[in-house]
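Per my numbering, the sequence shown starts with residue 4, numbered consecutively. Structure first, then comments.
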Amino acid sequence: MDNGFAERLRVVTERIEAACARAGRDRAGVQLVAVSKTHGPDRIREAAECGLTVFGESKVQEAQVKIPQCPGNLSWHFVGHLQRNKTAVAAQLFDCIHSVDSARLLETVDRASAEAGKVMPVLLEVNVSGERSKYGMPPEEVPGVLALANGLDHVEVRGLMTMPPFTEDPAEAQPWFRQLREWRDRWRGETGFALDELSMGMTHDLEVAVEEGATWVRVGTALFGERERA
4 MDNGFAERLR VVTERIEAAC ARAGRDRAGV QLVAVSKTHG PDRIREAAEC
54 GLTVFGESKV QEAQVKIPQC PGNLSWHFVG HLQRNKTAVA AQLFDCIHSV
104 DSARLLETVD RASAEAGKVM PVLLEVNVSG ERSKYGMPPE EVPGVLALAN
154 GLDHVEVRGL MTMPPFTEDP AEAQPWFRQL REWRDRWRGE TGFALDELSM
204 GMTHDLEVAV EEGATWVRVG TALFGERERA
């Protein structure tokens with residue numbers, strides 16, 4: 004057992020609490036998603052023993068092997084790029100998908116969730132920077148995708164997700180997070196969707212994401228250390 008995990012969790016928790024205090028936010032409004040990709044079931048069980056309940060995975064095949072070996076009371080979020088040919092398995096495995104990046108994928112997830120007998124909570128991934136290397140739909144497509152979601156019975160759009168360009172200075176990510184929040188506020192008024200969840204911020208920049216309204220922060224390295232390699 005890695006006795007340092009509890010200490011790393013304490014540090015991350017304090018970072019979130021400090022950011023909430025600066026922003027005048029209730030700490031209860033920010034959920035930590037422990038991104039466990041490449042880490043095995045033993046590490047996840049250890050994290051669960053420290054009180055974590057929500058875990059993020061980014062590869063369906065890896066999760067398909069790992070999740071059955073983990074405690075059954077955990078919640079699993081898919082946070083990576085989802086290929087349409089993996090949606091049937093993803094719908095069986097996951098409790099939320101953060102990365103729906105097109106109308107076509109939303110429809111595919113809806114069909115897969117119907118076959119799995121569930122309504123899947125999803126977030127729409129928005130490419131805030133316009134970088135070609137980033138996944139996510141352009142912001143101008145979001146209202147149309149939300150209109151499409153109104154007619155689908157097996158997905159529930161809960162909010163938005165983004166990944167800003169990486170910079171050494173986390174403060175440089177803050178305008179991108181603010182932009183997503185401002186778009187969310189506008190789309191709320193235009194579409195009637197509450198879009199309460201904002202999944203943004205990772206190990207490097209979680210503080211500025213929380214200050215700009217993140218409700219889910221996706222943290223891997225600060226909790227588990229560097230990724231394990233086969």
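From the three backbone atoms N, C-alpha and C, an ideal C-beta is built for every residue, glycine too.
Q.
Beta-carbon within less than 6 Å of R221's beta-carbon, same chain only, minus the 5 sequence neighbours each way: which residues are those?
A. V36, V38, G59, V82, M205
Q) Can you name the residues that DSSP bridges to V103? A) L127
Q: Starting from the C-beta of A117, find all residues in its chain whose C-beta is less than 6 Å away, skip the five residues before and the five after it, and write them out in chain order.
A: H157
Q. Hey, V213 and I47 are a contact pair by Cβ (cut 8 Å); roughly how many whole angstroms apart?
A. 24 Å between Cβ atoms; not a contact.
Q. Terminal residues of the continuous beta strand (DSSP E) containing A152?
A. Segment 145-152 is the alpha helix (DSSP H) holding A152; no beta strand (DSSP E) there.
Q | Sequence-distant residues of its chain with Cβ nearer than 6 Å to A66 (five each side left out) | A | E60, L96
Q. When you compare each of E159, Q177, V160 to M166 by their alpha carbons, which one comes out closest?
A. Q177
Q) How is F180 classed by DSSP in three states: helix, strand or coil? A) helix
**Q.** Extent of the continuous alpha helix (DSSP H) run through F8
**A.** 8-26
**Q.** C53 and A21 closer than 7 Å at C-beta
**A.** no
Q) When the Cα atoms are used, what is the spatial distance from L109 to A152? A) 8 Å
Q | Cβ separation of E200 and L126, assumed to be a contact under 8 Å, to the nearest whole Å | A | 6 Å
Q.
Suppose you measure from the CA of G43 to the CA of L55; what does that come to, to the nearest Å?
A. 15 Å
Q. How about E143: is its C-beta nearer than 7 Å to some C-beta of chain B?
A. Here chain B cannot be found, since the structure has a single protein chain.
Q. Within 10 angstroms of its Cβ, does S102 collect 16 or more other Cβ (buried), or is it exposed?
A. buried
Q) Contact check, V145 vs L183 under 8 Å by CB: the rounded distance? A) Not quite, the Cβ-Cβ distance comes to about 10 Å (not below 8 Å), so this is no contact.
Q. Which residues does DSSP pair with H80 in a beta bridge?
A. G59, C99
Q.
Using C-beta distances below 6 Å, list every residue in its chain close to R11, excluding the 5 sequence neighbours before and after it, in chain order.
A. L226
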